[in-house]
Every structure is written in C-alpha cells, then in structure tokens.
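Shown next, in structure tokens, is the structure this report addresses.
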Amino acid sequence: MNSGIDGLPGPVFAPVVEVDDLRHHFEDGTSIRTGDIRLEVYPGECVVLIGPNGSGKSTILNHILGLSKPFGGTVLTLGKPSHLLEDNHRAHIAAVVQNPDDQLIGPTLKDDVAFLPVNLGIARGDVARLVESSLRRFGLWESGDRVIHALSVGERRRLALAGALVLCDGEGFGPKLIVLDEPFAALDPVGRKTLTELMLDMRARHGTAIILTTHYLQAVPDIADRVYLLGQGGRILRAGAPFEVLPTVPVWGSESASDAPWFALRMELASRGADLGTDLDVARLADLIEEWVLKSVGASDQRVGGSRAGSEMPCPARIGPVPKSVRTTRTP
Numbered sequence: 002m003n004s005g006i007d008g009l010p011g012p013v014f015a016p017v018v019e020v021d022d023l024r025h026h027f028e029d030g031t032s033i034r035t036g037d038i039r040l041e042v043y044p045g046e047c048v049v050l051i052g053p054n055g056s057g058k059s060t061i062l063n064h065i066l067g068l069s070k071p072f073g074g075t076v077l078t079l080g081k082p083s084h085l086l087e088d089n090h091r092a093h094i095a096a097v098v099q100n101p102d103d104q105l106i107g108p109t110l111k112d113d114v115a116f117l118p119v120n121l122g123i124a125r126g127d128v129a130r131l132v133e134s135s136l137r138r139f140g141l142w143e144s145g146d147r148v149i150h151a152l153s154v155g156e157r158r159r160l161a162l163a164g165a166l167v168l169c170d171g172e173g174f175g176p177k178l179i180v181l182d183e184p185f186a187a188l189d190p191v192g193r194k195t196l197t198e199l200m201l202d203m204r205a206r207h208g209t210a211i212i213l214t215t216h217y218l219q220a221v222p223d224i225a226d227r228v229y230l231l232g233q234g235g236r237i238l239r240a241g242a243p244f245e246v247l248p249t250v251p252v253w254g255s256e257s258a259s260d261a262p263w264f265a266l267r268m269e270l271a272s273r274g275a276d277l278g279t280d281l282d283v284a285r286l287a288d289l290i291e292e293w294v295l296k297s298v299g300a301s302d303q304r305v306g307g308s309r310a311g312s313e314m315p316c317p318a319r320i321g322p323v324p325k326s327v328r329t330t331r332t333p
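Structure representation (structure tokens):
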C-alpha cells in the first residue's frame, strides 16, 4: 500500500473508501463489474480513476456517494455500506459531479456557496467567512452577487468547486472525504493550479481522503498516490503508482500528442526516485534526463553530446519545455 503524504501512512488507518467487485446494472441492460482488484482510499491519500468514456468511472463515484445501490459486491464509505449512509455521515463528504449545473442551487454565487454551511447549522459569522474564502480561492468573490444563470461554463465549474469545498477552511468541520468527477474540466491553468494546491493542503493539514476521475492526465503525477485504470465494462485493469500505470495508457486523455514525450520523461524520472513535487538538484536532474534520452534511442553506451555513425543523438530540448512542476535549484 502506498503511503499518504507526510506522516499519514495508509496502512495504520482504516480505509475511508472500499470497493470490492462492484456490480452495477443499467436500465438499458448493460452492466459494469470492477473485478478482483480491490479499490481502497486511505486517510491522506489521493486516488485517481482513469479510463475511456463509458468505463464506469462516474458510476463508481455515484456508488461511493451512496447514490446507487450495488447489484453485487461491496462498497463501503466511511466504514458503512454506501447506500445506507445517513445525513451525519454525508456531512463529512464533499463532492463535485461531472455536470456543475446538477448541483448549483442558490440564485446568486454567494447564496449558492452558503447553502451547505447554513444547512449544517454553522454560525452566521463563520458562514460569511467560509463563503468569502471559498469564492476568493476560485476567483469569484468580485462576482458574488451575480446570478448563476449568467455564468460561463468555466465559471460554473469553479462555482461548483467553491460550493462543494466551502468547508475546507473550517476548523473542526472540514470533509473527511472529497469526491470529484472530472474536476479539471473547463478550468483554466490558474483554476487547475488552485484546485491542485487545495487538494494537497487538505491532505497535509486534515488527512482528507480524495478520489477523483479525470481525463487531464498531466495533473495526475502531481496529486495521486495511486491510479486505477478502468477498461470497458468497468473492470479495473491495473492499479499502482502513477509512474507504474500511466505509461501503459495508450491514449493520453485530453493531452495533445506533443505532450506525450514529456509525459513519458516525467514517469521515467519518477520511477528512478525523482520527487517531482520538490526541488531537484540540477546535476541529478541532468543525469536522469541523460539516462532517459539514451535509453529512448537505444544508445545506452553513449554519452549525450557524443556521436555514433549513422545515428543522430536527440537534443534534450526537443523533449519539450519543462513545466513548473519540476523545479530546479542551482548548486554552489
């Protein structure tokens, strides 16, 4: 079992989510079955479900949220059969569904974000603070008095996130579990960065468990402890760390083909022990990139900058620009 982040090793806690051989039948006669690979999410962990459209990712999340009853198998959320969750359990779960319009309620942005804390009986002063904090986080505070129907698709997505995650700044009543269905969809780079930082912060400060689906694979190495790859029919084909699972995915989700070389490099660096979320020594990073380039052209006996008759050694710069997620520090 992979560890959660700093100080939160998964095995010493009971799992927040357990899915074992889930079977679900649809009205049209089709079905999904996750199979014999058990899905678990521990406190402080982030688990990501990936797979093609129609592979059952959203259906699994609906079961975790208790919105569906399994035809077979087991789904436990917060230690309870998910379809039997009561309101006192649901109060510890924050969720964003795939279509934000399905969960926008209030006439204005402020009203919508206030809905959850007000209905939980949180004091008025705390509600105002939480609403402002959440709207500011997602760049919506200045638009707080606007009516929802005037928002763009991207703004609606950010509002859904602000409303669902409004308790993340609350002391003593933050969520134990966050469930997100395609949360990066329709977000601009600033919005994706904001969401990523919030997830990392919730795990570090509160030990919050997170499970999400996404086609935006570029974000996965930065946030995931484990990745589950689903195939058609809902079967879990593979599970493991991002650098173990993502290189086996034949299609790079929503990324263009030009992203694939850099994506492969990131996975190779991770497999060699590089922590892509912290600073890397320049010399160490250079050595890792050199090894990867040599391996990728089948020239492990050559050094970068050398030459071999009849072959051209690729320049590392052709791999593509290095994203900010890999930060380097100069050595004296």
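All residue numbers for the sequence shown refer to our numbering, where the first residue is 2 and numbers rise by one. Beta carbons are placed, not taken as given, at the ideal position from N, Cα and C, and that holds for glycine. Remember, predicted model here, so these are calculated numbers, not experimental data.
- Contact check between the region 132–152 and the region 101–108: three or more CB pairs, one atom from each, fall below 8 Å, which counts as touching.
- Under the DSSP assignment, residue 22 falls outside any alpha helix (DSSP H), being part of the beta strand (DSSP E) whose first and last residues are 18–26.
- Take the alpha-carbon of residue 183 and the one of residue 144: they are about 24 Å apart.
- In terms of Cα proximity to residue 232, the closest of 32, 22, 53 and 43 is 53.
- At the C-beta level, residue 62 and residue 214 come within 8 Å of one another.
- Annotation for residue 85: 67 place their beta carbon closer than 8 Å to its own, counting only its chain and skipping 5 residues before and after.
- By the 16-neighbour rule on beta-carbons within 10 angstroms, residue 15 is exposed.
- In the DSSP assignment, residue 128 falls within the unbroken alpha helix (DSSP H) covering 125–138.
- Taking the Cα of residue 70 as reference, the smallest distance to any Cα among 23, 37 and 93 is reached at 23.
- Remark: C-beta atoms of residue 185 and residue 217 approach each other more closely than 8 Å.
- Secondary structure of residue 109 (DSSP, three-state): strand.
- Taking one beta carbon from each stretch, the region 186–205 and the region 155–171 have 3 or more pairs nearer than 8 Å; the two touch.
- If one requires a minimum length of 4 residues, the alpha helix (DSSP H) runs lying completely within the region 63–118 are 88–91, in chain order.
- As the crow flies, the alpha-carbon of residue 205 is around 30 Å from that of residue 287.
- Here the alpha carbon of residue 244 sits roughly 18 Å from the alpha carbon of residue 291.
- Our two residues, residue 72 and residue 87, have alpha carbons roughly 20 Å apart in a direct line.
- The residue among 27, 74, 102 and 42 with its C-alpha nearest the C-alpha of residue 179 is 42.
- Rounded to the nearest angstrom, the Cβ distance from residue 97 to residue 212 is 12 Å, too far for a contact under 8 Å.
- Counting only the Cα atoms, residue 188 lies some 12 Å from residue 140.
- Residue pairing by DSSP puts residue 228 in a beta bridge opposite 49 and 241.
- With a beta-carbon spacing of about 6 Å, residue 35 and residue 235 fall inside the 8 Å limit used to define contacts.
- Secondary structure at residue 204: helix, using DSSP grouped into helix, strand and coil.
- In the three-state reduction of the DSSP assignment, residue 213 falls in the strand class, which pools E and B.
- For residue 90, same chain residues with a beta-carbon under 7 Å away, outside a window of 5 residues either side, are 79 and 81 in chain order.
- A residue is called buried when at least 16 other Cβ atoms come within 10 angstroms of its Cβ; residue 138 meets this threshold and is buried.
- Residue burial is scored here from C-beta neighbours: residue 125 has fewer than 16 other C-beta atoms within 10 angstroms and is therefore classed as exposed.
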